[in-house]
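In our numbering, the protein residues as written are 140 to 296. Idealized CB from N, CA, C, for every residue including glycine. All of these numbers come straight from a predicted model, not from anything done at the bench.
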């Protein structure tokens, strides 16, 4: 059973009825603009040096908010983040950074073609400069090459 309480004779001069709906179009526009900003800014916040990292099966550790990456490129050049530095200036450049605490973690990345001795030289430079909290960076997953168990040197016929 329905009833209408509107008196059509008294409200003829009121042509504009109030609407009780929220206009969401400006809200959607703001969200889309923010989405575009984050899509453009996200790739810029990562270190993007072309380094072929080795794989590791170790459990990944939590990254700090602003990690400090030291990279050894395939041509044996050293970089902090994306800025190339000379090996003799490596510790001085790390000390000149805004968060220059020697207790922070330094993430060392090296291309898989870098000889082990070169990696150890950079580790020694960092250790001599007072940076003892160094973490090695590798790709997550199964290693590319799995070595077979060693066979005996002289197998018997």
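Residue i - partner residues in DSSP beta bridges
i: residue 267; result: Looking at the DSSP assignment, residue 267 forms no beta bridge with any residue, so it has no partner.
i: residue 274; result: 246
i: residue 208; result: 246
i: residue 222; result: 219
Beta carbon of residue i nearer than 7 Å to that of residue j
i: residue 269; j: residue 241; result: yes
i: residue 213; j: residue 250; result: yes
i: residue 276; j: residue 243; result: no
i: residue 210; j: residue 197; result: no
i: residue 189; j: residue 279; result: no
C-alpha gap between residue i and residue j, whole angstroms
i: residue 274; j: residue 206; result: 11 Å
i: residue 158; j: residue 176; result: 34 Å
i: residue 252; j: residue 163; result: 55 Å
i: residue 215; j: residue 258; result: 9 Å
i: residue 180; j: residue 171; result: 14 Å
i: residue 246; j: residue 166; result: 41 Å
i: residue 254; j: residue 169; result: 51 Å
Residues near residue i in its chain [Cβ-Cβ closer than 7 Å; skip 5 each side]
i: residue 173; result: none
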